[in-house]
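First comes the structure, then the notes that go with it.
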Amino acid sequence: MDISQKVIRNTFYYIAGRSWGFIISIFLTPYIIGRIGLERYGVWAIIGLITGYFGLLDFGIGLSFTKYVAEFFAKKEFKKISSVINLGVAFYSLFAILVISLTYFLADPLLVLFKIPPELYSEARFVFWVGIILFLASNITSPFYAVQSGLQRMDIINKIAIAVSIPQALGTVYFLRQGYGLPGLMINNIIIFVLASVVHIVFAFRILPELRFNPFVFDLAMFRKLFIFGFKIQIAKIAIVISTQTDKLFISYFLTLAAVSFYQLGNSIIYYAMTLTYLLVTALVPAFSEIEAKGDRMALVEAYFKSTRYLSFIAIPLFIFVLFFSHRIIFVWLGSGYEKAVLVSQILALAWMLNAIAQVAASVCIAIDAPQLFSRGALITIVTNIFLSYILIKTMGFYGVAIGTLVAVNCGAAYSIMMLHKELKISLKKFYACTLPFLWASLLCALMILFIDRGFVIFIPHLKRIPAFILLFIEVNLFLAAYLYLGRR
237 MDISQKVIRN TFYYIAGRSW GFIISIFLTP YIIGRIGLER YGVWAIIGLI
287 TGYFGLLDFG IGLSFTKYVA EFFAKKEFKK ISSVINLGVA FYSLFAILVI
337 SLTYFLADPL LVLFKIPPEL YSEARFVFWV GIILFLASNI TSPFYAVQSG
387 LQRMDIINKI AIAVSIPQAL GTVYFLRQGY GLPGLMINNI IIFVLASVVH
437 IVFAFRILPE LRFNPFVFDL AMFRKLFIFG FKIQIAKIAI VISTQTDKLF
487 ISYFLTLAAV SFYQLGNSII YYAMTLTYLL VTALVPAFSE IEAKGDRMAL
537 VEAYFKSTRY LSFIAIPLFI FVLFFSHRII FVWLGSGYEK AVLVSQILAL
587 AWMLNAIAQV AASVCIAIDA PQLFSRGALI TIVTNIFLSY ILIKTMGFYG
637 VAIGTLVAVN CGAAYSIMML HKELKISLKK FYACTLPFLW ASLLCALMIL
687 FIDRGFVIFI PHLKRIPAFI LLFIEVNLFL AAYLYLGRR
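Taking the working numbering, I'd label the letters of the sequence shown as residues 237 to 725.
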């Protein structure tokens with residue numbers, strides 16, 4: 237199977253797996269909020285924020301697994317693949333000891349910092365500890381996932397994800413109906429994690445019989461290789477965490493947990509959109525790495541532009557539709573009372589659209605072993621985001637943090653794209669040619685459908701959720717039909 241066929245196959249399975257997960261989440265989120273309330277949902281979001289920051293302590297080593305597994309597999313260097321896996325498990329086991337030690341001292345101060353209400357403190361503490369343990373355990377097993385992604389077997393990853401999502405959804409409903417609340421959700425996550433991890437490890441050995449596991453064999457040269465690469469890309473990882481999590485930190489500190497929930501719900505729409513675009517990109521890193529390993533730079537540049545065009549064709553209309561129709565999406569999804577989440581999703585749609593397209597450039601940077609090109613843009617994002625979010629939440633309130641993210645993420649993404657083009661000695665005009673036609677087509681289609689939407693509301697101003705869903709369904713299909721007509725011209 238050639239590289240293009242692998243990318244198409246892997247992308248198909250990514251779409252299938254993530255789409256199924258998206259559907260499950262769409263139905264479960266309103267149910268979870270209805271059972272635990274906005275404040276506890278805010279606690280859930282804050283715990284995710286904290287574990288995300290702990291993930292920055294690994295110096296980016298985990299980000300290098302897939303790249304080097306793919307590279308060594310292309311060269312048939314199976315002993316080096318085993319070395320990567322063994323090193324990954326050993327490193328993350330030691331990393332777990334460090335994080336647990338830090339958590340022992342920092343758990344209570346962090347919960348106080350985020351102003352957890354006294355009546356929720358014991359629940360939050362339990363959820364925090366279980367969340368940290370699950371995070372560390374998932375890190376330890378992550379090298380085995382890298383075998384499947386490095387060998388470009390995303391079909392296996394997503395088949396497993398679809399299979400375990402069913403007991404996960406059933407478990408969520410069961411624990412909440414039994415009144416276990418947030419602790420019940422965490423217990424359910426433990427069960428699903430163990431099940432999924434066992435299956436992934438079994439498949440890692442099945443698809444790579446040459447794999448030899450011995451975490452006590454420590455290859456110092458390999459560690460240095462992974463560390464140097466991971467450290468280069470760590471700034472980009474920090475930028476992602478800062479851009480997706482720090483807003484909630486500021487909101488929790490300056491405002492309320494309920495405000496965190498509204499922000500999280502608005503951000504969830506963007507998360508689902510980003511997930512779709514990221515899954516299209518995930519298959520590119522091992523594919524680009526394979527091309528680079530063969531020394532064919534011209535083929536890599538051609539693949540970069542082709543991938544950018546395909547991703548733009550999908551990502552731009554997706555974010556433009558969210559920008560224009562978030563009000564309809566959130567009402568159909570959650571009902572009334574969540575209007576504050578609408579503007580958040582609209583602002584963040586503008587923040588992440590260019591970043592989504594720039595992930596192709598990031599994949600090329602990883603493949604050519606030059607992640608520092610993208611890290612410079614990430615550094616711009618980090619500094620700008622923290623500064624603007626702090627200033628704007630104090631001057632503009634709730635929506636200020638989203639505006640800070642809008643400015644910071646776009647500045648960082650634009651700079652990173654320019655740096656890659658400079659490195660590869662290619663003109664930005666080709667990038668514009670790959671993206672702008674889809675932007676104009678998306679805007680024109682969205683404006684036409686919005687005109688229909690506003691006209692409909694004039695005659696029926698107070699839609700219920702089911703009629704609103706029917707209207708949204710019609711609008712989606714009209715938008716797609718118009719866009720496909722214009723986008724292919």
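Every residue, glycine too, gets a C-beta built ideally from N, C-alpha and C.
Reference residue i; option with closest CA among the options
i, options, result
"I423", "L406, V435 and F439", "L406"
"K395", "H436, E446, C670 and I376", "H436"
"Y651", "Y489, A669 and I616", "I616"
"G325", "F371, V537, F308 and N375", "One detail in the question is off: residue 325 reads as Val in this sequence, not Gly. The shortest Cα separation from V325 among F371, V537, F308 and N375 belongs to N375."
"E711", "A539, I336 and L683", "L683"
"L686", "I321, V619, F560 and I694", "F560"
"L501", "N450, F541, K461 and E575", "E575"
"I262", "I565, A677 and V580", "I565"
"V363", "K316, G284 and K700", "G284"
"G691", "S678, F314 and L707", "L707"
"N713", "F309, P553 and Y381", "P553"
"H698", "A475, S378 and G571", "G571"
"F705", "A717, A669 and W569", "W569"
"A310", "F541, W365, G386 and I321", "G386"
"L590", "F341, V434, L720 and A644", "A644"
"T492", "Y721, S611 and R276", "R276"
"I653", "G636, Q608, L642 and L679", "Q608"
"I662", "C647, L536 and I627", "L536"
"T489", "I694, I629 and V693", "Looking at the sequence shown, residue 489 is not Thr but Tyr. Y489 has its Cα closest to that of I629, out of I694, I629 and V693."
"F248", "S300, V517 and I474", "V517"
"I550", "A509, R533 and P703", "A509"
"I268", "F411, F308, K351 and V320", "F411"
"A594", "L664, F623, F465 and S581", "L664"
"F371", "N425, A592, K315 and I352", "N425"
"I794", "F465, A592, P419 and P379", "Lying outside 237 to 725, the shown extent of the chain, residue 794 is not represented and no answer is given."
"F667", "Y540, R701, I398 and L346", "Y540"
"Y721", "S678, K700 and I696", "S678"
"I402", "L547, I427, S319 and F350", "I427"
"F327", "A718, C681 and M458", "M458"
"C601", "M632, S562, S625 and L656", "L656"
DSSP three-state assignment for residue i, whether helix, strand or coil
i, result
"G466", "helix"
"Q388", "coil"
"Y635", "coil"
"P353", "coil"
"Y721", "helix"
"G573", "coil"
"I604", "coil"
"K661", "coil"
Span of the alpha helix (DSSP H), counted from its first residue to its last, around residue i
i, result
"K630", "Q608 to M632"
"E307", "F301 to A310"
"F314", "F314 to L349"
"K666", "L664 to F695"
"L699", "It is not in any alpha helix (DSSP H) - L699 carries neither H nor E in the DSSP assignment."
"T414", "The displayed chain sequence assigns Gln, not Thr, to residue 414. Careful: Q414 lies outside any alpha helix (DSSP H) and carries neither H nor E."
**Item:** Within the region 431-518, ranges of the alpha helix (DSSP H) (whole runs, at least 4 residues)
**Value:** The qualifying runs are 456-490 and 493-518.
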